[in-house]
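A.B. asks: These protein sequence lines are chains Z and X, in that order.
Numbering follows this note's numbering, with no gaps: position 267 of the first sequence is 269.
Numbering follows this note's numbering, with no gaps: position 178 of the second sequence is 952.
Think of the CB as a built atom: it goes at the ideal place given N, C-alpha and C, for glycine as much as any other residue.
All values reported here derive from a predicted model rather than from experimental measurement.
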Amino acid sequence: MRTENLVATARIEADLDPMLYLDHAATTPMRPEVGEAMAPYLDGRFGNPSGIHATARRAKNSIEEARERIATTIGATNPLEIVFTGGGTEADNLAVIGAAIGTGGGAVTTAVEHPAVLESARFLSRIGSDVSIVPVDGEGRVAPDAVANTVDRGTAVVSVMTANNETGVIQPVAEVARLVRSANDRALVHTDAVQAFGSLAVSADPDGPDLISVSAHKIGGPQGVGFLFVRDGAKLEPVIHGGGQELGRRSGTHNVAAIVGLAVAVESAVAGRSVYREQVGAARDRFELDLRSGVNVEVTADAADRLVSHAHLRFPGIPAETLLVRLDFAGVAAAAGAACHSGAIQESHVLAAMGVGSTEASESIRFSFGRDDDAATGAEAARIVSGVVEDLS
Amino acid sequence: MRALVAMSGGVDSSVAAALMIEAGYDVVGVTLKQWVGAGGEMPTAGCCTVSDAEDARRVAAQLDIPYYVLDYVDEFTAAVVEPFGAAYLAGRTPNPCIECNRKVRFSALLERTAELDADVLVTGHHARISYDDAGWHLLRAVDGTKDQSYVLHMLGQEELSRIRLPVGEMTKVEVRERAAAMGLRTASKPDSQDICFVASGDYRDFLAQQLPETALPGPVVDTGGTILGEHDGITGFTIGQRRGLGIAVGEARYVVDVQPDERRVVVGTYDEMLAHGCVVSGLSFVSGTPPDDPNVSVKVRYRTSAIAASLHPVGERWTVRFGERQPAPAPGQAAVFYDGDRVLGGGTIEEVIRE
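1) Run through DSSP, which three-state label would GLY1121 (chain X) get?
2) With DSSP as the reference, please indicate the residues paired to ASN1069 (chain X) in a beta bridge.
3) Report yes or no: is there a C-beta of chain X within less than 9 Å of the C-beta of ALA346 (chain Z)?
4) Report buried or exposed for ILE969 (chain X), applying the criterion of at least 16 other Cβ atoms within 10 angstroms of its Cβ.
5) Look at the Cβ atom of GLY235 (chain Z), then the Cβ atom of ALA158 (chain Z), and state whether they are nearer than 9 Å.
6) Rounded to whole angstroms, what's the CA-CA distance from ARG183 (chain Z) to ALA835 (chain X)? Just pull it up for me.
7) Could you work out which residues of chain Z lie near GLU889 (chain X), taking near to mean beta carbons separated by less than 7 Å?
8) Under 8 Å Cβ-Cβ, which residues of chain Z neighbour ARG886 (chain X)?
9) Tell me, which residues are paired with ARG879 (chain X) by DSSP?
10) With distance defined between alpha-carbon atoms, name the residue in X:ASP965, X:ILE1008 and X:THR1000 nearest to GLU986 (chain X).
11) Provide the residue span of the alpha helix (DSSP H) that contains LEU895 (chain X), from first to last.
12) In terms of DSSP beta bridges, what is GLU300 (chain Z) paired with?
13) Mind listing which residues of the stretch 833-861 of chain X have their C-beta closer than 7 Å to chain Z's C-betas, in chain order?
14) Between X:HIS927, X:ARG1017, X:GLU943 and X:VAL1054, which lies nearest to GLY1106 (chain X) when the distance is taken from Cα to Cα?
15) Return the bridge partner residues of PRO870 (chain X) from the DSSP annotation.
16) Using the beta-carbon of each residue, which ones in chain Z are nearer than 7 Å to LYS963 (chain X)?
17) Check GLN225 (chain Z) in the structure and name its three-state DSSP category.
18) If we count Cβ pairs, one from each stretch, closer than 8 Å, do we get three or more for the stretch 270-280 of chain Z versus the stretch 199-208 of chain Z?
19) Since VAL1130 (chain X) and LYS807 (chain X) should fall inside the 8 Å C-beta cutoff, what is the C-beta to C-beta distance between them, to a whole number of angstroms?
20) Confirm, please, whether the CB-CB distance from HIS116 (chain Z) to MET163 (chain Z) is below 9 Å.
21) For a cutoff of 9 Å on Cβ pairs, would you count PHE289 (chain Z) as touching chain X?
22) Report the residue from Z:ASN167, Z:GLU168, Z:ASP187 and Z:VAL191 whose alpha carbon sits nearest the alpha carbon of VAL1 (chain Z).
23) Excluding sequence positions up to five away, which residues of its chain have a Cβ less than 7 Å from the Cβ of SER217 (chain Z)?
24) Is it buried or exposed, ALA1022 (chain X), if we count other Cβ atoms within 10 angstroms and call 16 or more buried?
25) Could you compute how far the alpha carbon of ARG776 (chain X) sits from the alpha carbon of ALA378 (chain Z)?
26) Does ARG328 (chain Z) come within less than 9 Å of chain A when only Cβ atoms are used?
27) Below 8 Å, is the gap between the Cβ of VAL182 (chain Z) and the nearest heavy atom of the ligand ATP?
28) For PHE331 (chain Z) and chain X, any beta-carbon pair shorter than 9 Å?
29) For GLU323 (chain Z), does the three-state DSSP call read helix, strand or coil?
30) Does the stretch 310-321 of chain Z come within contact of the stretch 362-378 of chain Z, defined as at least 3 CB pairs closer than 8 Å?
31) Is there contact here, the stretch 346-360 of chain Z with the stretch 786-801 of chain X, by at least three beta-carbon pairs under 8 Å?
32) So within the stretch 179-247 of chain Z, which uninterrupted beta strand (DSSP E) runs reach at least 3 residues, ignoring any that extend past its ends?
33) Closer than 9 Å, CB to CB, is VAL949 (chain X) near chain Z or not?
34) What residue does the beta strand (DSSP E) around HIS1050 (chain X) start on, and which one ends it?
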């Protein structure tokens, strides 16, 4: 009988890591250099950056250095355009809610956004703002002119994600930004780049979005930290009120260790992007190729540009719930739809927006590869997944 | 051998999982998500709540077994919740636990058990399963006060061969002692009494919300048709009920009949309420065939003792004749037949026989 205490249980769980982790879109392991950079701050080097004494100054210096490094890495002209947040969701809330309330206007977004954006838009709608949700095509792509046509003089913010977290489908964000500006040059353009940052060029280009959300833990940083790029001059009402940190845009004592880790993760991710695209793309392509030659499988949004990390697949006739449990037994970690608080699978609003029927949606699974994977990982994954799928067919 | 354990977050299924590990099985814990609130989340009050699932998850972590929440909301709604409302509208008194066992736990989940490559499905029910030359048997629990064999009467040979009920061999006190000895967080968690999808604890509130027509008033009449008063919805009345009739007459009165078409509740004396037997539909027998001896004992509600009765097949429906007159059973409840501790089978009560 195993009835060890919690510490012992946690140790056992650490030993039981899945043989094949294919859920990097949910979260990916921290890079070793990130942990090394954070370690001193978790062990002795403390300090609240908001104080006036030497200890506080040391902490303040660390977060400002992190801010500068991130700004340089993404091509921001002013380090103060980087606002540290408690993660991607908080960055999305600050962008969408903050921009709409800050200028007293409405919001335009798409039907396939992450809940952090969609629920923020619904909140705006509940408090009386105009909110428009632009539909997508069967491949999950939004048409830039459809977005621009929805924008009017009262639009404060337009939010279109860089790439979708479930399907990996890439949106034409640069084109959206261009057309939105010609429709209303005062509207702020936001993009949730949380899922895309590790593989796509995301920069503070003057022609690109005014607001960009990034999360650390999707790119090898720690959980619970992220940033919002806020172009100089963009007026945001804070969503977290308090002591006025981050120029009043995000109150709360800084998580110094996490911010230091975030900066290292951003630098490493950007430096490693081209290798990532090649290597992870090879893993994903081999995985899909081998599966298609062995079992009955459909690739979601096959005709669209997708992130190289994502393989969103449907195995006709096999419920995702059953397949995920059987894959877990086989040591393969994958995901379906969105997990709710209880852990049950919820229907995907992304697939619904693409016109996928509820039966088809309930047979869909996301596999997502990480920076250490390559073609051999893809082949091994296809071999195990094919075996389980055949057993269930 | 792999065992799938349905974990509700209570002490019985927690111990059931631990006992299966001891028995050498690869144990997998699952919680069924059966019912959601308007926001699509699991309920926060009643039983089978988010916090119950959290207890199950924590126990599974403590036992170091995989754990999953499986979505049975559509199946549960169609098989249990919708018929629950429909039965009350028809003046009946449904037993949702029986319908859940019949159509969700021991059918849909049992099918899933095989798909998940598990050999047996395990629950924390208090009842026993045994096997001998005659086949599989379903028996009352060791702890008579906790016996749940009544709500499992629909199980047949095929189901029983793939189900294990390890805590049925223990008293509730022993179950709690085992849980405490193993340090399981659910050791002293109170038993749940409520209908799992009724968060408020009062099924009439639930019905009034889901089916407003169940809360329409109607007359309370005596067996001669004289109006004695008014009620605020037939769903508050079950045949045999004495309390809460809302009428003031000298002698004690009991519900004799509920007539949904006229929304009429008929009350009468104790003698008028008594029944000679009942008509039962949808019969099933544990062995697969009816007993040779028509003389059995029968339980017509969960919380009563079994009484002597005889069974008479009349086509699809069977007649159950009580040895002596009994407080009338409520249509919609189950009549479950026993031979001593052994469950023979059962069915749904359709009508009361008074002559």
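C.D. replies: If we stick to the structure as given:
1) On the second sequence, position 347 is the one that residue 1121 (chain X) refers to. If DSSP states are grouped into helix, strand and coil, GLY1121 (chain X) belongs with the strands.
2) In the second sequence, residue 1069 (chain X) corresponds to position 295, counting from 1. As computed with DSSP, ASN1069 (chain X) is found in a beta bridge with X:SER1084.
3) For the purposes of this step, residue 346 (chain Z) is taken as residue 344 along the first sequence, with counting starting at 1. Among the residues facing chain X, ALA346 (chain Z) is included, as its CB has a counterpart in that chain under 9 Å away.
4) Locating residue 969 (chain X) in the second sequence gives position 195, where the first residue counts as 1. Buried, because 16 or more other Cβ atoms sit within 10 Å of the Cβ of ILE969 (chain X).
5) In the first sequence, residue 235 (chain Z) corresponds to position 233, counting from 1. In the first sequence, residue 158 (chain Z) corresponds to position 156, counting from 1. Their beta carbons are not under 9 Å apart, which means GLY235 (chain Z) does not touch ALA158 (chain Z) by this criterion.
6) Sequence index remark: in the first sequence, residue 183 (chain Z) carries index 181 (1-based). Sequence index remark: in the second sequence, residue 835 (chain X) carries index 61 (1-based). The straight-line gap from Cα to Cα measures roughly 52 Å.
7) Translated into the one-based positions of the second sequence, residue 889 (chain X) becomes position 115. Using a Cβ-Cβ cut-off of 7 Å, GLU889 (chain X) is close to THR324 and LEU394 of chain Z, given in chain order.
8) Position 112 of the second sequence holds residue 886 (chain X). In chain order: THR324.
9) To locate residue 879 (chain X), count along the second sequence from 1; it is residue 105. Residue pairing by DSSP leaves ARG879 (chain X) without any beta bridge partner.
10) As a first step, residue 986 (chain X) must be located in the second sequence, where it is residue number 212. A small correction: the amino acid at residue 986 (chain X) is Pro; Glu does not occupy that position in the sequence shown. The option with the nearest alpha carbon to PRO986 (chain X) is X:ILE1008.
11) Indexing the second sequence from 1 puts residue 895 (chain X) at position 121. Where LEU895 (chain X) is concerned, there is no enclosing alpha helix (DSSP H), although the beta strand (DSSP E) it sits in stretches over 894-896.
12) By one-based count along the first sequence, residue 300 (chain Z) stands at place 298. GLU300 (chain Z) is bridged to Z:ARG316.
13) Within the stretch 833-861 of chain X, the residues whose Cβ lies closer than 7 Å to some Cβ of chain Z are ALA835, GLN836, LEU837, ASP838, PRO840, TYR842, VAL843, LEU844 and ASP845, listed in chain order.
14) By 1-based counting over the second sequence, the position of residue 1106 (chain X) is 332. Per the Cα distances, X:VAL1054.
15) Taking the first residue of the second sequence as 1, we reach residue 870 (chain X) at position 96. In DSSP, PRO870 (chain X) forms no bridge with anything.
16) Along the second sequence, one-based indexing puts residue 963 (chain X) at 189. None at all; the shortest Cβ gap to chain Z is about 17 Å.
17) The residue you call residue 225 (chain Z) lines up with position 223 of the first sequence. Here GLN225 (chain Z) sits in coil by DSSP.
18) Short answer: they touch.
19) There is no way to answer for residue 1130 (chain X), as the model of chain X reaches only from 775 to 1129.
20) Against the first sequence, residue 163 (chain Z) aligns to sequence position 161. Against the first sequence, residue 116 (chain Z) aligns to sequence position 114. A contact, by the Cβ cut-off of 9 Å.
21) Walking along the first sequence from the start, residue 289 (chain Z) turns up at place 287. So no, PHE289 (chain Z) is outside the interface.
22) The requested residue 1 (chain Z) is not part of the displayed model; chain Z covers only 3 to 395.
23) Mapped onto the first sequence, residue 217 (chain Z) falls at position 215. Closer than 7 Å at Cβ, skipping near neighbours: GLY89, GLY90, VAL196 and GLY228.
24) Counting from one through the second sequence, the residue named residue 1022 (chain X) turns up at place 248. Exposed: under 16 other Cβ atoms inside 10 Å.
25) Here the question's residue 776 (chain X) lines up with position 2 in the second sequence. Here the question's residue 378 (chain Z) lines up with position 376 in the first sequence. Distance between the alpha carbons of ARG776 (chain X) and ALA378 (chain Z) is about 31 Å.
26) Among the chains of the structure shown, chain A does not appear; the protein chains present are Z and X.
27) With respect to the ligand ATP, the structure shown offers nothing to examine, as it has no ligands at all.
28) Here residue 331 (chain Z) refers to the residue found at position 329 when the first sequence is read from its first residue. With 9 Å as the cut-off, PHE331 (chain Z) counts as an interface residue toward chain X.
29) On the first sequence, position 321 is the one that residue 323 (chain Z) refers to. Looking at GLU323 (chain Z) - three-state DSSP - the assignment turns out to be helix.
30) These segments touch.
31) Counting C-beta pairs with one atom in each stretch, the stretch 346-360 of chain Z and the stretch 786-801 of chain X have fewer than three that are closer than 8 Å, which means they do not touch.
32) Fully contained in the stretch 179-247 of chain Z are the following beta strand (DSSP E) runs of length 3 or more, in chain order: 190-194, 213-217 and 228-232.
33) The sequence position of residue 949 (chain X) within the second sequence is 175, counting from 1. With a threshold of 9 Å between beta carbons, VAL949 (chain X) makes no contact with chain Z.
34) Against the second sequence, residue 1050 (chain X) aligns to sequence position 276. Run containing HIS1050 (chain X): 1049-1059, per the beta strand (DSSP E) assignment.
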